[in-house]
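With this note's numbering, letter number 99 in the sequence shown gets 168, and the count goes up by one each step, no holes.
Structure record follows, encoded as structure tokens.
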Amino acid sequence: CSWTLENPDPTKYSLYLRFNREEQVCTHFSPMVLPLDHYLANYTCDPRGEAASPPPAHQRPEEEEEDEEAELELCEGAGPFTFLHFDKNFVQLCLAAEPEAAPRLLAPQALEFRFVEVLLINNKNTSQFTCSVLCRWLEECLQAPGARRCGFTHAGCSC
Numbered sequence: 070c071s072w073t074l075e076n077p078d079p080t081k082y083s084l085y086l087r088f089n090r091e092e093q094v095c096t097h098f099s100p101m102v103l104p105l106d107h108y109l110a111n112y113t114c115d116p117r118g119e120a121a122s123p124p125p126a127h128q129r130p131e132e133e134e135e136d137e138e139a140e141l142e143l144c145e146g147a148g149p150f151t152f153l154h155f156d157k158n159f160v161q162l163c164l165a166a167e168p169e170a171a172p173r174l175l176a177p178q179a180l181e182f183r184f185v186e187v188l189l190i191n192n193k194n195t196s197q198f199t200c201s202v203l204c205r206w207l208e209e210c211l212q213a214p215g216a217r218r219c220g221f222t223h224a225g226c227s228c
């Protein structure tokens, strides 16, 4: 199961994601992201780190290694948050189980939990709104129990 986010112009915009760690979501859904330069129909990440569809036959071995390294498992970090920044055309968010399975796998409070937040930022002209969201993310991270590393760079914002 996956959703694909499209960056309309990676030379102008960046995609920022904040993953909010929730143990039940990590256990049952193994969320991961896959940054892509090009949209590949019927291609998605797999919870075991293998592509659900085979890569194109013309792909060289070093390109296959790059693809495998590009998959980021969101639950690997121990902290409450993971911040990600992408200057790619597409970013796929993948889950190991279908969302329809959530009511039988997750407690009610986990069902209402917002585990991924996405922000598209104009790199040349950052709005006050986008800066306020980035600053809120940083403040919440700094105040969270067990927060070890909180930070990201965006030159257009000062918190």
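No residue lacks a Cβ here, since even glycine has one placed at the ideal position from N, Cα and C.
Source: prediction; values computed, not measured.
* Roughly how far, in whole angstroms, is the beta-carbon of Phe-150 from the beta-carbon of Cys-200, given that I think they are within contact range, below 8 angstroms? -> The Cβ separation is near 18 angstroms, so there is no contact.
* Spatial distance of Gln-161 from Phe-184 (CA atoms) -> 15 angstroms
* To do: Could you tell me the distance, in whole angstroms, from the CA atom of Leu-103 to the CA atom of Glu-140?
  => 5 angstroms
* Note down, in chain order, each residue of its chain lying with its Cβ closer than 8 angstroms to the Cβ of Lys-81, except the 5 sequence neighbours on either side. => Asn-191, Asn-192 and Lys-193
* Asked: What are the partner residues of Cys-206, as DSSP defines its beta bridges?
  -> Before going on, a small fix: residue 206 reads as Trp here, not Cys. According to DSSP, Trp-206 bridges with nothing at all.
* To do: Along the beta strand (DSSP E) that carries Glu-186, what are the first and last residues, could you check?
  => 185-191
* Exposed or buried, which one is Phe-198 when buried takes at least 16 other CB atoms within 10 Å? -> exposed
* Asked: Relative to the alpha-carbon of Lys-157, which residue among Cys-204, Met-101, Arg-173 and Leu-84 has its alpha-carbon at the smallest distance?
  -> Leu-84
* To do: Can you check DSSP and say which residues form a bridge with Pro-104?
  => Val-160
* **Extent of the continuous beta strand (DSSP E) to which Glu-140 belongs** => Glu-140 -> no beta strand (DSSP E), and no H or E assigned at all.
* Asked: Which whole-angstrom value describes the C-beta separation of Glu-91 and Phe-182, a residue pair presumed to lie in contact below a C-beta threshold of 8 angstroms?
  -> 5 angstroms
* Asked: With distances taken from CA atoms, which of Arg-205, Phe-159, Phe-155 and Asp-106 is nearest Thr-73?
  -> Phe-159
* **Beta-carbon spacing of Phe-98, Ala-165 below 7 angstroms** => yes
* If you count every other CB in all the chains shown that lies within 10 Å of the CB of Val-187, and 16 or more means buried, which is it? -> exposed
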